[in-house]
Amino acid sequence: MNKYRLDRFEGTFAILVHEEAGGNELPVLKERLVASAKPGDILIIDFDSMGSLKHVEILPEVKKMENA
38 MNKYRLDRFE
48 GTFAILVHEE
58 AGGNELPVLK
68 ERLVASAKPG
78 DILIIDFDSM
88 GSLKHVEILP
98 EVKKMENA
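Start counting the sequence shown at 38; every next residue gets the next number (this note's numbering).
Structure, rendered in C-alpha coordinates:
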(Lines of atoms letter the chains of each structure in order from A and count residues from 1; the text may use other names and numbers.)
(Lines give C-alpha, C1' and ligand atoms only; values in the text may rest on other atoms or scores of the structure.)
Protein backbone atom coordinates (compact mmCIF):
# COMPACT_ATOMS: atom_id res chain seq x y z
CA MET A 1 0.00 0.00 0.00
CA ASN A 2 1.20 3.49 -0.83
CA LYS A 3 0.42 6.74 0.96
CA TYR A 4 -0.46 9.85 -1.07
CA ARG A 5 -1.82 13.29 -0.21
CA LEU A 6 -4.64 14.62 -2.39
CA ASP A 7 -3.15 17.95 -3.40
CA ARG A 8 -5.73 19.42 -5.78
CA PHE A 9 -8.24 18.82 -8.56
CA GLU A 10 -7.52 19.88 -12.15
CA GLY A 11 -10.49 19.31 -14.44
CA THR A 12 -11.31 15.59 -14.44
CA PHE A 13 -8.07 14.72 -12.64
CA ALA A 14 -7.05 14.56 -9.00
CA ILE A 15 -3.39 15.35 -8.39
CA LEU A 16 -1.86 13.12 -5.74
CA VAL A 17 1.52 13.80 -4.13
CA HIS A 18 3.71 10.90 -2.99
CA GLU A 19 5.64 12.79 -0.33
CA GLU A 20 7.74 9.76 0.66
CA ALA A 21 9.13 9.67 -2.89
CA GLY A 22 10.29 13.28 -2.99
CA GLY A 23 6.95 14.90 -3.76
CA ASN A 24 6.28 13.16 -7.05
CA GLU A 25 2.86 14.05 -8.49
CA LEU A 26 0.49 11.40 -9.81
CA PRO A 27 -2.57 12.48 -11.82
CA VAL A 28 -5.53 10.08 -11.56
CA LEU A 29 -9.11 10.36 -12.75
CA LYS A 30 -11.31 11.84 -10.01
CA GLU A 31 -13.89 9.11 -10.59
CA ARG A 32 -11.36 6.49 -9.41
CA LEU A 33 -11.08 8.06 -5.94
CA VAL A 34 -13.36 7.80 -2.93
CA ALA A 35 -16.19 10.29 -3.57
CA SER A 36 -15.69 12.05 -0.23
CA ALA A 37 -11.97 12.71 -0.79
CA LYS A 38 -10.98 16.36 -0.58
CA PRO A 39 -7.68 18.24 -0.96
CA GLY A 40 -5.42 17.64 2.02
CA ASP A 41 -6.71 14.10 2.67
CA ILE A 42 -4.17 11.32 3.01
CA LEU A 43 -5.06 8.34 0.81
CA ILE A 44 -3.88 4.76 1.07
CA ILE A 45 -3.69 3.29 -2.43
CA ASP A 46 -3.00 -0.23 -3.63
CA PHE A 47 -2.12 -0.78 -7.30
CA ASP A 48 -2.66 -3.91 -9.37
CA SER A 49 0.07 -5.53 -11.47
CA MET A 50 -0.78 -3.23 -14.41
CA GLY A 51 -0.38 -0.07 -12.31
CA SER A 52 -4.11 0.67 -12.10
CA LEU A 53 -5.76 1.70 -8.85
CA LYS A 54 -6.96 -1.45 -7.12
CA HIS A 55 -7.98 -0.11 -3.69
CA VAL A 56 -8.32 3.45 -2.36
CA GLU A 57 -9.20 4.54 1.17
CA ILE A 58 -8.97 7.79 3.12
CA LEU A 59 -6.69 7.61 6.14
CA PRO A 60 -8.79 8.51 9.21
CA GLU A 61 -7.96 11.76 11.04
CA VAL A 62 -6.75 9.88 14.15
CA LYS A 63 -4.09 8.00 12.16
CA LYS A 64 -3.05 11.23 10.42
CA MET A 65 -2.39 12.83 13.81
CA GLU A 66 -0.37 9.78 14.99
CA ASN A 67 1.80 9.87 11.86
CA ALA A 68 2.51 13.62 12.11
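All C-beta atoms, glycine included, are put in the ideal place defined by N, C-alpha and C.
Using a 10 Å radius around the Cβ and a threshold of 16 neighbouring Cβ atoms, would you call A51 buried or exposed? buried
Only counting the same chain, and skipping five residues up and downstream in sequence, which positions put a Cβ closer than 8 Å to that of N60? Note on identity: in this sequence residue 60 is Gly, with Asn being the wrong assignment. The residues are V54.
Neighbour-count burial assignment, V65, 16 or more Cβ in a 10 Å radius: buried
Of the residues A58, A72, L96, which one's Cα is nearest the Cα of I79? L96
Bounding residues of the beta strand (DSSP E) (the contiguous stretch that carries L90): 90–95
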